[in-house]
Structure formats: structure tokens, C-alpha cells
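K.L.:
Handing you this structure, nothing more for now.
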Amino acid sequence: MKYRLHSILEDKHGRKIKKILKIIPSRINAMHFSEVEKLIGQAVEECNIIKNEGIEIQDEGLANTAYLLRIYCSMWGSISLFWKCAKSREYEGAWFHLQDGIDRNNILSKNLEDESELNTYKIQQYLLAYEEVFPYNIFSSMGLTSTSCCSICKKDSFDNTCIHVPGRIYWGQMANTVIETAEIKEISLTKTPEDKRCVPKKDDSFFSDVQRLFDYVGKPLNVLIYDEERRHVDVVFGDCISVYD
Ligand SMILES: [Zn+2]
60 MKYRLHSILE DKHGRKIKKI LKIIPSRINA MHFSEVEKLI GQAVEECNII
110 KNEGIEIQDE GLANTAYLLR IYCSMWGSIS LFWKCAKSRE YEGAWFHLQD
160 GIDRNNILSK NLEDESELNT YKIQQYLLAY EEVFPYNIFS SMGLTSTSCC
210 SICKKDSFDN TCIHVPGRIY WGQMANTVIE TAEIKEISLT KTPEDKRCVP
260 KKDDSFFSDV QRLFDYVGKP LNVLIYDEER RHVDVVFGDC ISVYD
């Protein structure tokens with residue numbers, strides 16, 4: 060099942076969200092991060108109202124679309140927090156918010172009928188270019204023995220009476236596997252971890268190239284083009300990502 064965000068952007072609450080989304084990029088470019096945080100909070104509230112309406116009138120499609128629109132708004136929140144950390148030289152925090160943004164974008168591209176709706180595809184390219192310039196290439200990965208359950212019906216993950224598939228959206232919430240107890244069996248290093256947030260601690264000197272880029276980039280939403288062969292980043296000044304072209 061695929062969804063279209065535009066289908067809910069025209070009703071009363073949708074229009075409020077649309078109005079907020081229109082101004083978010085310019086507020087990020089102006090680096091008014093606390094204002095963005097407040098605006099995203101308002102947009103998320105509106106999404107929750109639409110989701111609850113969907114549940115009330117027994118329209119699962121509406122509830123799920125509202126969930127995805129909330130993810131879309133939160134993705135812009137992640138981009139804003141990424142820059143807030145970047146500007147205060149909190150590199151690890153910036154990396155975490157970047158990963159949140161990438162995860163949210165992945166949820167959107169998997170579930171939207173049009174993968175480029177509201178510039179989702181362009182935003183993905185933007186986030187991945189920033190991921191490339193961070194100097195993380197080795198991550199830790201944990202081998203666990205654990206017990207887990209379904210986030211929706213709370214049944215044990217091996218209980219085949221649970222009908223929920225992790226990663227799918229049901230009535231405005233995503234089914235996930237919740238780890239209940241875990242015992243670490245081994246920790247290994249890998250280039251392809253499940254979670255790229257598991258990074259080794261690094262001191263600030265490690266990020267000098269990233270810092271130079273942050274200083275150079277001008278507007279936060281200017282597009283980066285990463286040339287893998289030359290290991291070089293071009294910044295496209297004046298070509299910012301946005302919600303609407
Ligand atoms: Zn379940």
C-alpha cells in the first residue's frame with residue numbers, strides 16, 4: 060500500500076501544515092532553529108489530529124497518510140537539529156540527527172506513491188551527501204541474545220498469531236520489533252552496520268574537514284555534490300533544497 064501526502068494537505072488541518080512547511084526551509088537557512096522546532100511541533104500536532112480523525116471514521120488510509128506526513132515534518136526537524144549541532148560544533152550530535160533524517164526519508168521513499176513527492180528524493184540526495192563527508196567509516200555492531208515483542212499487539216516476536224510485519228504501517232503507527240531483554244554476546248567492527256549511530260568516540264581534530272565545509276557552505280540548505288573519485292565536495296550555491304520547487 061502506497062500513500063500520497065498531497066491527499067491530506069488540502070483540508071483544514073492539512074492547510075495549516077502546508078503553511079508551516081512552506082516557511083521551514085527559509086527559517087533553517089536563516090538559522091532560526093528554535094523557531095523551526097516550535098513550528099515542527101505545531102505541524103506534528105496537526106498531523107496527530109488528522110490521524111485521530113482517520114481512526115475515528117475508520118479510514119486507515121487517512122491515519123497512515125497522516126503518520127507519513129508527521130514523519131515528513133519530523134525529517135525537516137532532524138535537518139534543523141543537524142544544523143543546530145553543526146553550528147555549535149557538536150559533531151556526534153549532528154551525525155545522530157543526520158541519521159534520524161535519513162531514516163525518516165527512507166520510511167517516506169518506501170511508502171510514498173511518488174518517491175519524489177514534496178522533494179523527498181532531492182532531500183535524500185542532500186542528506187546522503189552530508190553523510191559522505193563525515194569521517195565515519197567503521198562502526199561497532201553488537202551480537203545480542205534477546206527477547207522481543209511486536210510494538211503494536213505486544214505479542215512475542217515468535218508468536219505467529221501476531222499479524223504485524225515490522226516496518227509496515229497500521230492505523231497510523233509503524234510496527235516495530237521491541238527488544239525487551241538483551242544480553243550482549245559480542246561486539247565487532249563493521250563498515251556496514253545496521254545502525255550507523257554506533258560510532259567510536261572521536262576528538263574535534265578528527266572533524267576539521269567537516270568544520271571547514273560547515274563554515275564554507277553558506278546557507279544550510281545549499282545542495283552538496285559529492286564526487287567519490289576525487290573525494291571532493293562541490294557546494295551548489297543558490298540551489299537549496301525545499302518543500303516545493
Ligand atoms: Zn503484532
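Every position in the sequence shown, counted from 1, becomes a number in the working numbering once 59 is added. Note that beta-carbon positions come from the ideal geometry of N, C-alpha and C, so glycine has one too. If you're wondering where the values come from, they're calculated on a predicted model, not measured in any experiment.
1. Check whether the Cβ atoms of H223 and S210 sit closer than 9 Å, and answer yes or no.
2. Around the C-beta of T124, are 16 or more other C-beta atoms found within 10 angstroms, so that it is buried, or is it exposed?
3. Let me make sure I understand the geometry here. Which of I161, L128 and L283 has the alpha-carbon closest to that of D254?
4. Using the rule of at least 16 other Cβ atoms within 10 Å of the residue's Cβ for burial, across every protein chain shown, is E69 buried or exposed?
5. Does the pairing of the stretch 232 to 242 with the stretch 277 to 288 give three or more beta-carbon distances under 8 Å?
6. Answer yes or no: the CB of I228 versus the heavy atoms of ligand 1, is any distance below 8 Å?
7. Between the stretch 282 to 302 and the stretch 173 to 191, do at least 3 Cβ pairs fall closer than 8 Å?
8. Since H291 sits in a beta bridge, which residues does DSSP pair it with?
9. On the DSSP letters alone, give me the boundaries of the alpha helix (DSSP H) that L248 sits inside.
P.N.:
To lay it out plainly:
1. yes
2. buried
3. I161
4. exposed
5. no
6. no
7. yes
8. D286
9. Where L248 is concerned, there is no enclosing alpha helix (DSSP H), although the beta strand (DSSP E) it sits in stretches over T236 to T249.
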